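Protein chains: 2
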Amino acid sequence: MSAPVTVYGPAISPAVARVAACLLEKDVPFQLQPVDMSKGEHKSPSFLKLQPFGQVPAFKDHLTTVFESRAICRYICDQYSDRGNRTLLGREEDGAVGRAAIEQWIESEAQAFNPPSLAIAFQLTFAPLMGRATDMAVVEQNQAKLAKVLDVYEQRLAESQYFAGDEFTLADLVHMPNTEILASKTETAGLITERKNLSRWWDEISGRPSWKKVVELQSVPRPSKS
Amino acid sequence: MSAPVTVYGPAISPAVARVAACLLEKDVPFQLQPVDMSKGEHKSPSFLKLQPFGQVPAFKDHLTTVFESRAICRYICDQYSDRGNRTLLGREEDGAVGRAAIEQWIESEAQAFNPPSLAIAFQLTFAPLMGRATDMAVVEQNQAKLAKVLDVYEQRLAESQYFAGDEFTLADLVHMPNTEILASKTETAGLITERKNLSRWWDEISGRPSWKKVVELQSVPRPSKS
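Residue numbers (our numbering), protein chains in the order written: chain A, 14 to 239; chain B, 14 to 239.
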């Protein structure tokens, strides 16, 4: 398989990082294709054919195109079922019940965890990159919302090693890009470290080779187009 | 199958209606179990075992419990694959590619459509029920956000009869509860009727017997507990 998979967008984007982490877990080779948002490439007709909302990531393999990071991750698990980590969406013998145990926490991430954690990530990481001031009132409002979600997570991770049971799954993986940002900022690291089980969970999963590779990809400066 | 499936929560909740619509499409018998939120039943220890965030719906069948409406819908399609509408998550012969074509629009609903449309639904429908004033500034802000999403949908539905192709799927179904509210309110009906293809799509899918039954369930007063 000679890099048949293309992910469009920068690794620094949490949604791009989510897809990259999934491809690395699945041992599916891929290339990251830059999208120059400062030049409006994400709103070009050719990009809108891949992603009609003009957002990153977009995804293409030899069979199809897919948008929305969590839909892309599910597709990678379903399509490349015989590669890499084969239990990200559950063991085949556990069927629909096993998949649902994972899906309910993927949805919790999308509905409950992502909105406040992405709002914080935007203020602390992306606003400064874009030359905007961080709005600490927005950070604080969203910290309060996020704390309630993390209290539920702490309880869950007291009962269970991972979100969906005793194996690392897509339910854990989808949380990683925003958790990385929270854990790396002095303003928000306490949200993780002050919760014993959440902290144990994060220490373990952030040490996975796939995630270390994502962090490495994020630290590489974007290639300039000269 | 004698009502082995229980959905916890009132049909008037968009997320409960989403699950009910899916069960009706799948021809899976179910009972709606009231949750008296005014008495805090959704925060009781027994309910939190079903739904750790204390929200509706929760779901139980003879095999498992599941929370989050979109996760429950996927589970119903996977677990009851041989009942009712068998192509809500795609035709078996279309495999992972067919499912991804549906999943990307389910995710668009969850990420792009639901936040502004639910905010509007809350202000126009649920705030008055709770004795609160409708905040028209919130309605207008979210109408502007939603209009951008609906412009993308209008384009999609110009190319395709349904979101994922020429069959009604879960991608269409997940949009129905909030669209019903938008279409039924004079303040927001124009968001749908002023878009030719979106309007054609809504006229058609809202006539499905499964959806008519959901609307009927929503119009039934909640049983009082005497």
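Heads up, the beta-carbon is just placed ideally off N, CA and C, and yes, glycines get one too. Only a predicted model underlies this, so the values are computations on that prediction, with no experimental measurement involved.
Kindly indicate if chain B contains any beta-carbon less than 8 Å away from that of residue 65(A).
yes
Straight-line Cα distance separating residue 18(A) from residue 58(B)
46 Å
Assuming contact is defined by CB atoms lying nearer than 8 Å, are residue 136(B) and residue 152(B) in contact in what I supplied?
yes
Chain-ordered neighbours of residue 79(A) on chain B, where CB pairs are closer than 7 Å
113 and 117
Whose Cβ in chain B lies nearer than 9 Å to the Cβ of residue 99(A)?
Result: empty, since nearest Cβ-Cβ is about 14 Å, beyond 9 Å.
Assign residue 189(A) to one of two classes, buried (16 or more other C-beta atoms within 10 Å of its C-beta) or exposed (fewer than that).
buried
Would you kindly work out how many angstroms separate the C-alpha atoms of residue 110(B) and residue 220(B), rounded to a whole number?
29 Å
Is the beta carbon of residue 84(A) less than 8 Å from the beta carbon of residue 224(A)?
no
Between the segment 112-128 of chain A and the segment 72-91 of chain B, can you find at least three pairs of beta-carbon atoms closer than 8 Å?
yes
C-beta neighbour in chain A for residue 88(B), strict 8 Å:
yes
Amino acids of chain A, ordered along the chain, whose beta-carbon sits closer than 7 Å to that of residue 180(B)
Simply none; closest approach about 17 Å.
In whole angstroms, what is the alpha-carbon distance linking residue 126(A) and residue 97(B)?
34 Å
Can you give me the C-alpha to C-alpha distance between residue 131(B) and residue 142(B), rounded to a whole angstrom?
15 Å
Can you confirm whether the segment 99-114 of chain A touches the segment 166-186 of chain A when touching is taken to mean that 3 or more C-beta pairs between the two stretches lie within less than 8 Å?
yes
Contacts around residue 134(B), its chain only, beta-carbon distance under 6 Å, and the 5 residues preceding and following it disregarded:
191 and 194
Does the beta carbon of residue 213(A) sit closer than 8 Å to a beta carbon anywhere in chain B?
no
Would you call the CB atoms of residue 79(A) and residue 88(A) closer than 8 Å?
yes
Kindly say whether residue 153(A), judged by its beta-carbon, lies nearer than 8 Å to any beta-carbon of chain B.
no
Who are the Cβ neighbours of residue 24(A) in its own chain at under 8 Å, not counting the five residues just before and after it?
30, 33, 45, 227, 230, 231 and 233
Got a sec: is the Cβ-Cβ distance from residue 54(B) to anything in chain A below 8 Å?
no
Opposing strand residues paired with residue 178(B) [DSSP bridges]
175(B)
What separation, rounded to the nearest whole angstrom, lies between the Cα atoms of residue 166(A) and residue 155(A)?
16 Å
Do residue 177(B) and residue 114(B) have their C-beta atoms within less than 8 Å of each other?
yes
DSSP three-state call for residue 18(A): helix, strand or coil?
strand
Just mark residue 51(B) as buried or exposed, buried being the case when its beta carbon has 16 or more other beta carbons within 10 Å.
exposed
So, is residue 38(A) buried or exposed, given that buried needs 16 or more other C-beta atoms within 10 angstroms?
buried
For residue 201(B), does the count of other Cβ atoms within 10 angstroms reach 16, so buried, or fall short, so exposed?
buried
Separation of residue 77(A) from residue 26(B), as counted between CA atoms
36 Å
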